[in-house]
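In the working numbering, the protein residues as written are 48 to 231.
Structural data, given as structure tokens:
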């Protein structure tokens, strides 16, 4: 994906998360409750059952049931990693991601008569990992936007003065042969 595409997506995703007014400090459960309320259906967070994702590389999963959403996350990850996994799955929900190359829902209903065809479609289309599809890349970007938007504590706080930044710019320019600006 080109840089200008990322910028456009990021601007669009800022608009997606704009309506959510969450308390600080941010808790991912607050966002889940807000998304559930907006969609008018329950959203439940569940640890992934032991052995379900063994060897697959899957650490999270969204299952859309007829009248509810289930978001699974790996229980063995750190709390920040679990939060990112959940945000990633919420991004799929907010972006209404579907896999366009899967069989028609009627065919899936014949293959899996006891399961909701929409759920089967989502599960079959979401087995890829490592952000290999456009939808996975979009979900990662929206998860990052949500993390940044709702985080109560910035990751880094600028402590350098503008004079220090100017000096650093001159030093870096001497090493790289460029005279660009260092952003502060």
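Yeah, the Cβ is synthetic: ideal placement off N, Cα and C, and Gly gets one too. These numbers come from a predicted model, not from an experiment.
- In the DSSP secondary-structure assignment, residue 110 is bridged to 117.
- In the structure shown, the three-state DSSP call for residue 78 is helix.
- Under the three-state reduction of DSSP, residue 180 is assigned to coil, being neither helix nor strand.
- Rounded to the nearest whole angstrom, the CA to CA distance from residue 189 to residue 114 is 24 Å.
- For the options 104, 105, 94, 73, the alpha carbon positioned closest to that of residue 193 is the one of 73.
- Of the residues 191, 112, 95, the one whose Cα lies closest to the Cα of residue 104 is 95.
- Taking C-alpha positions only, residue 60 is separated from residue 76 by approximately 20 Å.
- Proximity to residue 67 across 56, 58, 57, 79 peaks at 79, based on C-alpha coordinates.
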